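Report on the structure given below.
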Amino acid sequence: MLRFLKKLCAGKTTDIDKKIAGLNYPLEERKFSRSLDENVAVIKKLLTDVDIAQYKLIQSAGKNPARYFLIFFDGIVHSEIVNSNIIKPLMNSKTEEGSPKLEKLLATVVQAGESKIIDTFKAVIESVTHGDTVLFIESCDQAAVFNTRQFSTRAITEPDNEKVLSGPREGFTELLVQNLSQILRRARTNELKTKMMTLGKRTQTKICVCYLDSLVNREVLEELYRRLDKIDIDGVLDSNYITEEIHDYPLSPFRTVGSTERPDVVVGRLLEGRIAILVDNSPVALTVPYLFIENFQSNEDYYFNFYYSSFSRLLRILGFFLTLSVPGLYIAVVAFHQEILPLQLLMRIAMERQSVPLPAALEAVIMLIVFDILRETGVRMPSNIGQALSIVGALVIGQAAVEASLVAAPMIIVVAATGITSLLVPKLNAPMIFWRLFFLIMASTFGFFGLTIGLSLLFIHLNNLTSFGVEHLSLKGSFRLQENKDIFIRFPWPYMIDRPKGLSRNKVRQTGDGIDD
Amino acid sequence: MIKRLLICLLQVLLVLSLCGCWNYRGLDQVNIVVGIAVDFDKEKKEYKMSYEVADLGTVKKDQSIKGRIITAEGKTLFDAARNAKRKEKNRLFFGSSYVLVISQEMAREEGIFNSIEWFLRDGECRETMFVAISQEETAAKVLEKEENINGIVSADIHDIIMEDKSVSASTVHMPVYEVYSLLKSKANSLALPVLRKTKNGDREVTAANGSAVFKGDKLVGFLTPAESKYALFAWNKIKSGILTINMADQKIDDISLEIFQSSTKKNFRYDQGKIKVIIESSTDVAIAENHSELNVMDEQIVENIQKEAGKMIEENIKAVIEKVQQEYQADIFGFSDMIFKRDLKLWKQLELEWEEIFPDIEVEVTSKVHVVNSGFTK
Amino acid sequence: MKRERVTFNQAMFSIVLFNFGSSVVMGVSTGVGQEAWIPILAATVAAIPLFLIFGRIMQLFPEEDIFGIMNSLFGKTFGKIGIALLTWYAVHLCALVLRDFSEFTQISSMPETPQLPIMILMILTTIYLARSGMRNMGKWSLVMFFFVSLVVIFTFLTAIPQAQVDDLLPIGSHTRAEYFESSFQIFSFPYAETVIFLCLAGSYEKKDSPYKMLFYALFITLIVFVLVFLRNLTLLGPAMMQTSYFPSYVTARIIGVGDFLARIESLISSNFLFAGIVKITACLLAASKGLARLFELEDYRILVLPMGMLAMALSAFLYENTMEMFAFLKYYPYYAFPFQVILPLITWIGCEFYVRKRRKESKLG
């Protein structure tokens with residue numbers, strides 16, 4: 001490789017080579033020198049073995065040709081723009097005396113909309129990896145960067161996890177600017193602040209903190225910056241990396257940072273005074289603070305009739321309790337408090353249980369794990385195999401096990417009910433698996449007493465959680481209707497006057513000029 | 001943090017492993033008792049218990065569940081319940097039992113208080129289980145049934161007695177806790193349903209047959225189903241039932257009236273050292289069966305029917321009360337309790353000589369009947 | 001450390017639930033059978049002056065708990081004696097309530113389970129809640145209050161068809177001494193036990209007056225007690241109510257709407273548990289705060305675990321059996337009187353003098 005470099009720089013630059021070799025400290029930190037050759041050599045050294053880097057030496061027309069040096073990465077630049085807007089004008093330009101000024105070049109020769117001037121090698125690396133083109137000129141310790149990016153990205157589609165029946169169907173893609181454009185389209189105001197940061201030592205991932213300036217809770221914002229500054233991470237490949245870094249309680253199974261793939265949801269949350277964090281290369285945006293009740297809210301609630309959405313919200317809350325406690329409840333009833341069941345039901349269940357080998361508690365644990373195995377396989381399977389899987393799951397494990405008297409039929413019903421209700425609140429799936437098992441164990445050792453204690457522990461834990469200083473489960477005990485209008489029941493918009501408390505410093509939702517701090 | 005979490009986990013695990021699931025009892029390890037019959041063996045001084053349990057092992061899924069009798073003896077009820085385990089793989093589970101049948105003989109001689117006391121004290125039995133008296137020679141007989149008949153006798157008995165007050169009104173329904181309350185009340189008497197075997201077609205089945213009168217916790221006599229109906233009037237417990245009036249003197253065939261609703265008020269008057277109990281009932285009825293082509297549109301006739309029915313109820317209530325007062329001397333209608341509650345001072349005067357006063361208390365019954373409709377036809 | 005703030009409603013409902021605590025399980029004192037509403041009312045009236053004193057103390061020193069007040073009023077030695085006494089009372093009460101609940105759980109639903117694991121589970125839960133702080137307890141009370149009162153109202157309504165109203169009669173069948181004893185019992189258990197909340201004072205939001213908080217709590221408690229009493233009596237009858245250890249539980253076993261909505265006693269027992277957890281937690285917090293003050297520690301939270309373990313050990317050794325537990329209830333009012341009434345009374349008098357003196361000084365100065 002060195003030989004290749006040498007050949008490229010042909011004979012006369014050997015002294016520069018020696019000079020560069022003598023430079024010990026990191027080359028990235030250096031500023032440009034006034035010599036074009038030296039700059040080029042440093043860059044080539046930095047990009048050793050980076051074969052997609054393209055170098056282009058250009059000479060302008062005229063008597064006194066100036067030398068220009070272009071660097072860009074193949075594949076992520078728009079070659080049409082590079083050729084016709086940068087290379088061609090440069091070649092055709094006429095230089096009279098010596099080399100022209102950089103500013104003048106930008107102003108008169110190069111036809112590029114977005115350009116800036118840099119003076120470190122670090123900035124060069126940052127720019128070219130983004131698809132920009134960097135232009136060096138002779139005897140100048142600055143370089144120009146032109147935006148020539150061209151990424152191939154996914155089309156904007158509706159996210160699979162957050163499908164809606166009615167309402168906007170756009171979802172985020174992996175491209176940060178595109179995501180920002182979607183947000184901006186929904187909130188066209190200069191109040192929308194978009195602060196860019198770079199995270200990840202090696203991936204240099206861009207993240208963007210968005211908020212509406214007049215609504216945001218300053219304390220939360222400061223806390224967020226404090227936590228983002230503290231992050232020391234190698235790479236950020238998805239927004240979840242950030243979630244775990246800025247989480248209030250990293251070990252709690254419950255999330256205190258919200259996430260969504262939909263721009264309308266992000267804007268909705270911004271309007272409530274929340275802050276969104278967009279991460280480049282991840283279609284999932286984060287929102288903070290995240291309240292527990294948001295697990296049960298869906299953007300569709302606001303696009304449908306409020307009776308319907310209030311009902312489905314209540315259903316989701318019910319589903320949460322059911323999916324957590326149904327297996328435990330069943331065991332508590334069947335193994336401890338049989339007197340609760342009416343006689344006919346009791347005899348039926350007892351009959352089912354006569355020939356089953358395992359005790360009910362163990363049976364429940366096994367069946368729950370089997371259910372989770374089925375679910376996990378189903379998620380990763382291609383859809384055509386998924387069908388076969390559901391048949392195997394339903395028929396073989398369900399029906400055959402019951403017919404062979406390996407598992408009691410009521411147990412299958414219980415597991416099915418648990419599974420279905422868990423789908424009502426997909427956002428809580430992860431913590432629920434553990435709590436459900438915990439409840440089951442408690443119930444099978446102490447019956448209802450154990451179940452009650454388990455529920456109490458869960459409740460205390462949830463109460464302990466905060467999200468950026470805001471209580472995760474906000475129970476102030478206010479009976480003011482206005483503060484409870486978007487919790488269990490969604491009120492129609494004309495009646496929802498206040499924003500959720502504690503999130504925003506601007507309390508009144510509709511008029512927006514009553515700042516109350 | 002992780003260390004602390006681990007310690008917490010360890011604690012929970014330790015607690016869990018400490019407990020060997022003490023109270024865990026699988027449903028396959030219990031015999032669900034549906035009905036209990038208590039007999040007393042005088043010679044051996046032992047209780048003979050029969051438990052009707054749901055026989056779950058032999059039936060197939062689509063069949064109805066059969067009952068099966070387990071018998072056991074013991075010096076006490078608890079002893080007997082434990083002795084039953086010696087014969088059976090599974091232990092008895094009392095949480096769903098419906099009926100406690102006590103034999104006539106035992107109720108007469110030993111009293112019922114001892115038996116119900118255990119059922120109340122033991123946390124497993126329900127307070128709503130009701131008590132009945134067997135008119136057969138043993139209590140166990142009531143729970144027996146012929147082979148090859150499906151169904152559970154106790155469950156049938158439960159349904160018969162529970163629905164009785166809203167259909168035929170021939171007996172009372174007394175859960176254990178009420179029995180206890182009544183025995184501890186000033187009246188200290190009560191009535192319990194009576195069961196016996198009868199023929200239904202060619203099958204022998206258990207049926208309700210009036211009620212048994214208790215003074216204290218001892219059986220003193222029986223009321224027939226007909227008498228029980230009027231006793232229910234006096235208790236203000238009647239919900240429905242049929243009144244058949246005989247108007248032979250007006251050359252009209254019998255008319256059946258269905259009771260819709262009835263309420264009875266009890267009161268008493270005390271003057272010149274004499275107590276007079278006043279019972280006022282008012283009943284809404286419908287004409288349900290009319291053999292004599294009576295014109296029910298005629299106000300006069302309806303008036304007659306109302307008067308006649310009222311008179312009949314009055315007489316019958318009076319007869320029942322008198323029978324109980326004089327023959328059994330049991331205050332099952334709670335006169336003493338009524339006086340105690342309404343006039344404490346008077347009760348304190350009377351309390352000591354209540355036994356003598358009670359049989360001679362004069363009872364005045366007035367009854368109003370109101371015909372509200374006549375069914376589908378005129 | 002940022003001071004945690006408890007809102008008005010949270011504080012009020014924790015007092016209400018505290019008052020329900022074991023009383024809802026044990027049934028309000030049933031010494032006078034069908035007339036128990038008389039002592040309930042009498043005890044409530046008797047509690048008013050006491051609550052006025054509590055309220056006055058809280059108002060004079062809104063930022064301090066009673067331990068701090070004692071410290072600054074009576075000097076180091078006497079203050080510490082007072083603190084030690086109250087701390088002992090809190091620990092003892094904690095142990096008593098814990099024992100009530102483990103007895104109840106054992107008798108009602110798990111006769112074969114030994115009490116120790118039940119106690120361990122309960123105390124661990126309360127330790128967790130206590131360590132999470134006052135505000136968390138407030139939130140807990142808020143939610144559980146709704147749950148508990150919903151169950152009370154539900155059972156009351158479903159009990160109506162089976163109720164026998166004339167069980168309330170006769171009135172006046174007991175002697176004056178019996179009424180007095182019964183009233184005294186209700187007064188000291190649970191009303192006067194609210195003294196525990198003096199130990200937790202200092203973190204309530206200031207905007208509402210403590211009088212309002214205390215009297216709302218008293219009023220709600222009164223209503224629920226009367227409802228519970230009426231339900232139990234009209235359903236069970238006086239004899240059954242007096243003979244059972246846990247009348248509310250037995251009532252729940254009897255209540256039934258149709259065949260299906262029957263047998264709701266497990267609901268009731270979890271209900272009891274929720275209220276009981278508040279009571280134990282409040283006692284535990286008070287005890288830990290007291291001990292922290294005794295040893296002059298900054299953070300009481302580290303003491304919660306050892307205090308909880310101490311209370312559990314104490315409750316395990318308190319009585320030999322259930323009968324003894326209920327027998328002790330007879331003497332409890334006399335034992336508790338100095339802690340519940342005399343100590344706060346002295347503190348209150350001290351407070352008044354202190355405030356007067358300060359006012360004079362500031363006038364002079």
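Protein chains in written order, with the working numbering: chain A, 1 to 517; chain B, 1 to 378; chain C, 1 to 365. Virtual Cβ for every residue (Gly too), placed ideally from N, Cα, C. Quick caveat, the model's predicted, so the values are computed rather than measured.
Item checked: At least 3 beta-carbon pairs within less than 8 Å: the stretch 143-160 of chain C vs the stretch 310-327 of chain B -> no
Checklist line | Members of the stretch 138-164 of chain B near chain A, C-beta cut-off 9 Å | finding: Ile152, Ala155, His158
Margin query: At the 7 Å Cβ level, is aspartate 28 (chain B) part of the contact set with chain A, yes or no?
Written below: yes
Notebook entry, point to check: Would you call proline 306 (chain C) buried or exposed, if buried means 16 or more other Cβ atoms sit within 10 Å of its Cβ?
Noted result: By the neighbour-count definition (other C-beta atoms within 10 Å, threshold 16), proline 306 (chain C) is an exposed residue.
Margin query: Whole angstroms are fine: how far does the CA of valine 142 (chain B) sit from the CA of alanine 191 (chain B)?
Written below: 19 Å
Note to self: For glutamine 329 (chain B), list the residues DSSP reports as bridge partners.
What the structure shows: Its beta-bridge partners do not exist; DSSP assigns none.
Notebook entry, point to check: Just the Cα atoms here: how many angstroms apart are asparagine 463 (chain A) and histidine 472 (chain A)?
Noted result: 7 Å
Next item on the list: Measure the CB-CB distance between glycine 171 (chain A) and glutamate 191 (chain A) and report whether it falls below 7 Å.
Entry: no
Item checked: Minimum Cβ-Cβ distance from arginine 253 (chain C) to chain B less than 7 Å -> yes
Checklist line | For tyrosine 179 (chain C), the three-state DSSP class (helix, strand or coil) | finding: Of the three classes helix, strand and coil, the one that applies to tyrosine 179 (chain C) here is helix, per DSSP.
Notebook entry, point to check: Distance, Cα to Cα, valine 265 (chain A) vs phenylalanine 468 (chain A)?
Noted result: 20 Å
Next item on the list: Take alanine 53 (chain A) as the anchor and find which of A:Val109, A:Thr133, A:Gly450, A:Tyr303 has the nearest alpha-carbon.
Entry: When A:Val109, A:Thr133, A:Gly450, A:Tyr303 are compared, the shortest CA-CA separation from alanine 53 (chain A) is found for A:Thr133.
Next item on the list: Between the Cα of leucine 329 (chain C) and those of C:Leu93, C:Pro49, C:Pro161, spot the shortest distance and give me the residue it belongs to.
Entry: For leucine 329 (chain C), the nearest C-alpha among the options comes from C:Leu93.
Next item on the list: Could you have a look at tyrosine 68 (chain A) and say whether DSSP puts it in helix, strand or coil?
Entry: strand
Item checked: Segment contact flag, the stretch 316-325 of chain C with the stretch 68-86 of chain C, C-beta cutoff 8 Å, min 3 pairs -> no
Notebook entry, point to check: alanine 360 (chain A) touches chain B at which residues, Cβ-Cβ below 8 Å?
Noted result: Gly26, Leu27
Item checked: Those runs of the beta strand (DSSP E) which lie wholly inside the stretch 81-142 of chain B and span at least 3 residues -> 91-93, 99-103, 130-134
Check: Taking the alpha-carbon positions, what's the aspartate 517 (chain A) to arginine 490 (chain A) distance?
Finding: The pLDDT assigned to aspartate 517 (chain A) is 36, lower than 50, so where the model puts this residue is not dependable; a value taken from the coordinates is nonetheless given after this. Linking aspartate 517 (chain A) to arginine 490 (chain A) through their CA atoms gives a straight-line distance of about 27 Å.
Note to self: Tell me the residue span of the alpha helix (DSSP H) that contains lysine 311 (chain B).
What the structure shows: 299-322
Check: How far does the beta strand (DSSP E) with lysine 195 (chain A) in it reach, from first residue to last?
Finding: 192-199
Margin query: Is the beta carbon of proline 431 (chain A) closer than 7 Å to that of proline 253 (chain A)?
Written below: Here proline 253 (chain A) is near proline 431 (chain A), since their CB atoms are less than 7 Å apart.
Check: For the stretch 6-23 of chain C against the stretch 190-208 of chain C, are there 3 or more C-beta pairs whose distance is under 8 Å?
Finding: The stretch 6-23 of chain C, when compared against the stretch 190-208 of chain C, does touch it at the 8 Å Cβ threshold.
Note to self: For valine 265 (chain B) and glutamine 164 (chain C), I'd like the C-alpha separation in whole angstroms.
What the structure shows: Checking the sequence shown, residue 265 (chain B) turns out to be lysine, not valine. Using only the alpha carbons, I get a separation of about 14 Å.
Margin query: What ranges does the alpha helix (DSSP H) occupy inside the stretch 187-237 of chain B, keeping only unbroken runs of at least 4 residues that lie completely in it?
Written below: 225-235
Notebook entry, point to check: If we count the other Cβ atoms within 10 Å of its Cβ and call it buried at 16 or more, is leucine 364 (chain C) buried or exposed?
Noted result: Using a 10 angstroms sphere on the CB of leucine 364 (chain C), the tally of other CB atoms stays under 16, which defines it as exposed.
Next item on the list: Just confirm the distance between the C-beta atoms of phenylalanine 67 (chain C) and methionine 213 (chain C), as a whole number of angstroms; I'd bet it's less than 8 Å.
Entry: At roughly 20 Å, the Cβ-Cβ gap does not stay under 8 Å, so phenylalanine 67 (chain C) and methionine 213 (chain C) are not in contact.
Notebook entry, point to check: Helix, strand or coil for phenylalanine 268 (chain B) per DSSP?
Noted result: strand
Checklist line | Any chain B beta carbon closer than 7 Å to glycine 237 (chain C) | finding: yes
Check: Taking 7 Å as the CB-CB limit, is leucine 17 (chain C) close to chain A?
Finding: no
Next item on the list: Report the option in A:Val284, A:Val220, A:Gln111 whose CA atom is closest to the CA atom of glutamine 178 (chain A).
Entry: A:Val284
Note to self: Once DSSP output is grouped into helix, strand and coil, what is the label at glutamate 403 (chain A)?
What the structure shows: helix
Check: Would you call serine 239 (chain A) buried or exposed, if buried means 16 or more other Cβ atoms sit within 10 Å of its Cβ?
Finding: Buried, because 16 or more other Cβ atoms sit within 10 Å of the Cβ of serine 239 (chain A).
Notebook entry, point to check: Can you tell me where the alpha helix (DSSP H) with leucine 165 (chain A) in it begins and where it stops?
Noted result: Careful: leucine 165 (chain A) lies outside any alpha helix (DSSP H) and carries neither H nor E.
Next item on the list: Please go through the stretch 224-291 of chain A and give each complete alpha helix (DSSP H) segment of 4 or more residues, from N-terminal end onward.
Entry: 239-246, 263-271
Notebook entry, point to check: To which residues of the same chain is asparagine 267 (chain B) closer than 7 Å at the C-beta, ignoring the five residues directly before and after it?
Noted result: Ile278
Note to self: Assuming alanine 234 (chain B) and serine 211 (chain B) are in contact, meaning their beta carbons sit under 8 Å apart, how far apart are those beta carbons, in whole angstroms?
What the structure shows: That pair is no contact at about 12 Å.
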